[in-house]
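The structure appears right after this line, and notes come after that.
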Amino acid sequence: MRSVFQAGVIALSFSLAAFAQDEHPSAPVGTAVPYAADSGWLDNLGPAESTVYIREVTIPNSSWLRLHFGPETTLAPGSYLLATSTLDGEQQRLDFATLAMWDNSTAYFNGQTVILELRAAPNSVGNRVTLEQLEQEVFVPRGDGNQCGICGTDDRQPSAEDWVARLMPVGCTASIICPDGTMISAGHCSGTGQIVQFRVPPSQANCNYVNPPVADQFPVLTPSAQNGGVGADWMVFRAGTNGAGQNPYDRYGAFRALAATPVSFNTPASLTGHGVDLTCVRSGTQQTANGLITGTAATYYQYNIDLRGGNSGSSLVANNRIIGVVTHCSQGCPNYATRIDLPAFANAINALMSCNDMELSVQTTGASNVTITLTPEDYYGRTGGVAPFTRGYALGTVVTLSAPPGGPSSTCFQRWVVGGVPQGPATSVQITLNSAVTAVAEYAAASLPVISQQPQPQTTCEGGDATFGVTASPATAFQWQRLAGAWQSLADGVAPSGMVIVGSATPLLSLTNVGAADAGSYRCLVNNQCRGTGSLVGTLTVQGPCGCDPDVNCDGAVNGFDIQATEEAVNGDFSNFCQSTADLNGDGSENGFDIETEEQRVNGAPC
């Protein structure tokens with residue numbers, strides 16, 4: 002589902018009778034002149050590509066040229082036209098398909114001369130190129146003291162935003178709003194055979210425009226527009242590809258998303274565009290200005306941000322999101338922008354743009370007012386929220402949803418159900434949006450885990466082992482504790498007493514090398530997704546030192562081999578020693594005294 006937000010009917014916050022817009026702030030450039038040339042029908046019957054036609058196209062003293070081809074132009078498969086500027090060497094290659102995309106024209110070339118070549122594919126017949134007109138620079142729009150749009154002192158500053166383009170030849174501005182190449186501008190800027198230019202260089206000292214490289218120019222495709230005055234002036238289109246097969250987002254990786262909600266009076270805002278300027282090198286180049294929203298209506302905004310001719314179509318931005326497109330200006334301000342949530346504008350965007358095609362609907366059952374977290378943010382910059390809600394994403398976006406374990410009114414998370422398919426008990430789920438999807442977080446009344454097997458009393462000797470266990474359901478977490486004045490949670494590892502703890506966060510707690518100080522009360526805390534309970538107490542009793550066994554090699558006999566095994570263990574070889582330690586006399590060290598102790602035991606001495 003595609004869903005650019007649309008404005009409802011609201012009361013105007015200022016009187017329409019006070020309108021004082023003077024003009025559209027566009028700045029058309031260049032003029033078209035007839036130019037007739039015809040290569041005739043040309044063949045290449047050889048085995049290699051061949052230049053079968055070459056022509057020098059010149060308009061003396063023109064600062065730039067653009068070539069327009071006649072409808073008779075025909076290129077066989079593999080054949081192409083190559084246009085080259087003699088000023089800077091920029092080239093454009095056009096085959097039959099790209100020539101159609103570029104509306105039978107070239108990009109803009111700097112200088113007065115372009116060399117046109119027809120390069121025919123091997124064994125090709127029926128190639129032809131005709132020229133019917135040229136565009137050239139003859140009049141340069143520039144700023145002057147009487148143009149509308151400046152709110153006091155002109156405070157525009159040069160900028161370098163890669164989502165903003167100059168729209169030629171009408172002399173307007175356009176903005177990328179989606180990685181698929183969808184762009185917006187003003188409706189009165191719409192025309193045929195248009196081109197958007199990015200990374201526009203400084204203009205010449207006489208205000209003549211300078212064109213960017215051919216790779217930074219893109220044809221305008223499938224425009225949809227309305228030119229109905231203030232609040233009804235908009236255009237949306239898809240940019241084609243440059244010679245490298247890139248759309249503008251492919252090349253620059255930049256776009257500016259649309260706002261999800263309108264803004265109010267006095268909101269800080271900015272606009273970036275290619276307005277003319279009294280300083281020639283800035284004229285028609287990208288500049289940014291800032292100000293405030295000074296009025297809101299159902300279909301347009303007023304603002305006190307500086308602009309000039311060439312700023313038509315510039316995006317009005319607030320909170321880093323596009324809220325409108327510049328359309329009209331007035332002497333001394335305010336200036337005007339069509340709102341992007343105007344229903345006709347929003348519908349045209351939705352029909353073309355794919356960034357919000359995939360709708361994710363998030364719901365809950367069994368609980369209400371549940372806050373669901375979500376990453377990444379959707380096209381409009383929204384993340385999670387209180388369910389139910391919907392978000393819009395591009396095809397293939399991977400989204401992660403997370404629900405709280407415990408819901409309101411003593412409810413407990415059970416599972417996610419995505420597209421009707423249960424996903425298990427994990428509170429987070431990852432979804433790849435290849436279609437519209439509904440994700441439901443299911444909750445139920447919270448219940449305590451039921452402990453069906455309690456810890457049993459354990460008795461061991463010093464240096465011995467003990468094990469406590471529980472069985473519980475439903476349970477997702479366990480934590481064993483020991484009473485030492487207060488209940489203290491255990492952690493795996495060696496305790497200060499020397500006791501070794503394993504399984505402190507599992508149903509089975511294992512204690513080894515137990516000492517007298519470790520005796521006492523033990524219990525387990527058991528939790529499910531959102532509630533927990535404690536087990537009964539299991540008591541650990543530690544008696545005196547464990548009895549000794551002189552059969553240290555576990556061969557069933559007590560003899561000199563046990564003395565030998567002890568000697569080997571003291572020296573680090575435990576391969577024939579089956580007890581946990583060779584410290585047989587309990588003095589904390591493994592040495593010759595332990596060998597002596599084992600010898601005495603083998604000879605009948607008591608432990």
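Okay, so the sequence shown: first residue is 2 according to our numbering, each after it adds one.
We put the beta carbon where it would ideally sit given N, CA and C, even for glycine.
Contacts around valine 318, its chain only, beta-carbon distance under 8 Å, and the 5 residues preceding and following it disregarded
Indexing the sequence shown from 1 puts residue 318 at position 317. Excluding sequence neighbours, valine 318 sits near Arg257, Ala270, Ser271, Leu272, Thr273, Ile324.
Measure the Cβ-Cβ separation of phenylalanine 414 and glutamine 530 and say whether it is below 8 Å.
Residue mapping note: residue 414 aligns to position 413 of the sequence shown, counting from 1. Residue mapping note: residue 530 aligns to position 529 of the sequence shown, counting from 1. Yes, the Cβ-Cβ distance between phenylalanine 414 and glutamine 530 is below 8 Å.
Let me check understanding here. Comparing Cα to Cα, which of Ser429, Ser403, Thr412, Glu443 lies closest to glycine 421?
For this step, residue 421 is matched to residue 420 along the sequence shown. Considering only alpha carbons, the answer is Glu443.
CA nearest to the CA of alanine 427, picked from Leu402, Ala447, Gln198:
Numbered from 1 along the sequence shown, position 426 holds the residue referred to as residue 427. Looking at the Cα atoms, Leu402 is the closest of the given residues.
Under the rule that 16 or more other beta-carbon atoms within 10 Å means buried, what is valine 277, buried or exposed?
Position 276 of the sequence shown, counted from the first residue, corresponds to residue 277. Under this definition valine 277 is a buried residue.
Can you name the residues that DSSP bridges to tyrosine 250?
Taking the sequence shown and counting its residues from 1, one reaches residue 250 at position 249. Answer is none; tyrosine 250 lacks a bridge partner.
Using the three-state DSSP reduction, which class does histidine 189 fall into: helix, strand or coil?
The residue given as residue 189 occupies position 188 in the sequence shown. Reduced to three states, the DSSP call for histidine 189 is helix.
Roughly how many whole angstroms lie between the Cα atoms of threonine 472 and aspartate 181?
Taking the sequence shown and counting its residues from 1, one reaches residue 472 at position 471. Taking the sequence shown and counting its residues from 1, one reaches residue 181 at position 180. Looking at the two C-alpha atoms, the distance is approximately 56 Å.
Would you identify the three-state DSSP class for glutamine 457, choosing helix, strand or coil?
Within the sequence shown, numbered from 1, the residue matching residue 457 stands at position 456. In the structure shown, glutamine 457 sits in coil (DSSP, three-state: anything other than H, G, I, E or B).
Phenylalanine 346: buried (16+ other C-beta within 10 angstroms of its C-beta) or exposed?
For the purposes of this step, residue 346 is taken as residue 345 along the sequence shown, with counting starting at 1. With 16 or more other Cβ atoms within 10 Å, it is buried.
For phenylalanine 20, collect the residues of the same chain with a Cβ closer than 6 Å to its Cβ; drop the 5 residues on either side in sequence, then sort them by chain order.
In the sequence shown, the residue the question calls residue 20 occupies position 19. Summary for phenylalanine 20: the model assigns pLDDT 40, below 50, so the residue's position carries little reliability; its value from the coordinates is reported in the next sentence. Once the five neighbours on either side are set aside, phenylalanine 20 has no close Cβ partner at all.
Cutting at 6 Å between CB atoms, please list the residues of its own chain near serine 51, excluding the five before and the five after it.
Reading the sequence shown from its first residue, position 50 is the one you call residue 51. Only Asn45, Ala121 meet the Cβ criterion.
Taking the alpha-carbon positions, what's the proline 335 to asparagine 305 distance?
Residue mapping note: residue 335 aligns to position 334 of the sequence shown, counting from 1. Residue mapping note: residue 305 aligns to position 304 of the sequence shown, counting from 1. Near 5 Å, if we compare the C-alpha coordinates of asparagine 305 and proline 335.
Return helix, strand or coil for cysteine 531, following the three-state DSSP convention.
In the sequence shown, residue 531 corresponds to position 530, counting from 1. Coil.
Exposed or buried, alanine 1, counting other C-beta atoms within 10 Å across all chains shown (16 or more means buried)?
A question about residue 1 goes unanswered here, because the residues of the chain that appear run from 2 up to 608.
Would you grab the beta carbon distance between glutamine 253 and aspartate 155 for me? Rounded to a whole angstrom, and I think it's under 8 Å.
For the purposes of this step, residue 253 is taken as the residue at position 252 of the sequence shown. For the purposes of this step, residue 155 is taken as the residue at position 154 of the sequence shown. Sequence inspection shows tyrosine at residue 253; the glutamine mentioned does not correspond to that position. Contact doesn't hold; Cβ gap of about 28 Å is too wide.
Whole-angstrom C-beta distance between tyrosine 337 and valine 231, which should lie under 8 Å
Here the question's residue 231 lines up with position 230 in the sequence shown. Here the question's residue 337 lines up with position 336 in the sequence shown. Contact flag correct, Cβ pair sits at about 5 Å.
For arginine 200, the nearest candidate out of Ile116, Ser160, Ala606 (CA to CA)
Counting from one through the sequence shown, the residue named residue 200 turns up at place 199. Looking at the Cα atoms, Ser160 is the closest of the given residues.
Let me know the alpha helix (DSSP H) ranges lying completely inside the segment 287-354, each 4 residues or longer, listed in chain order.
344-353
Take glycine 9 and list the residues in its own chain whose beta-carbon comes closer than 8 Å to its own, dropping the five residues that flank it on each side.
Here residue 9 corresponds to residue number 8 of the sequence shown, with the count starting at 1. Summary for glycine 9: the model assigns pLDDT 31, below 50, so the residue's position carries little reliability, and this model does not support an answer.
Compare the beta carbon distance of proline 249 and alanine 166 with 8 Å and say whether it is the shorter of the two.
Taking the first residue of the sequence shown as position 1, residue 249 is located at position 248. Taking the first residue of the sequence shown as position 1, residue 166 is located at position 165. In contact: proline 249 and alanine 166 (Cβ atoms closer than 8 Å).
Whole angstroms is fine: what's the gap from methionine 354's alpha carbon to alanine 261's?
Within the sequence shown, numbered from 1, the residue matching residue 354 stands at position 353. Within the sequence shown, numbered from 1, the residue matching residue 261 stands at position 260. Using only the alpha carbons, I get a separation of about 15 Å.
In the DSSP assignment, the beta strand (DSSP E) including glycine 470 goes from what residue to what residue?
On the sequence shown, residue 470 is found 469 positions in, with the first residue counted as 1. Counted as a single uninterrupted DSSP element, the beta strand (DSSP E) harbouring glycine 470 occupies residues 467-470.
How do the segment 130-140 and the segment 275-290 stand: do at least 3 beta-carbon pairs fall below 8 Å, yes or no?
no
Helix, strand or coil for glycine 232 per DSSP?
Along the sequence shown, read from residue 1 onward, the residue named residue 232 stands at position 231. Note: glycine 232 maps to coil in three-state DSSP.
Quick one, are the C-beta atoms of cysteine 190 and cysteine 179 less than 8 Å apart?
The residue you call residue 190 lines up with position 189 of the sequence shown. The residue you call residue 179 lines up with position 178 of the sequence shown. Their beta carbons are not under 8 Å apart, which means cysteine 190 does not touch cysteine 179 by this criterion.
Given a cut-off of 8 Å, decide if glutamine 195 and methionine 169 are closer than it, judged by their beta-carbon atoms.
By 1-based counting over the sequence shown, the position of residue 169 is 168. By 1-based counting over the sequence shown, the position of residue 195 is 194. Contact: yes.
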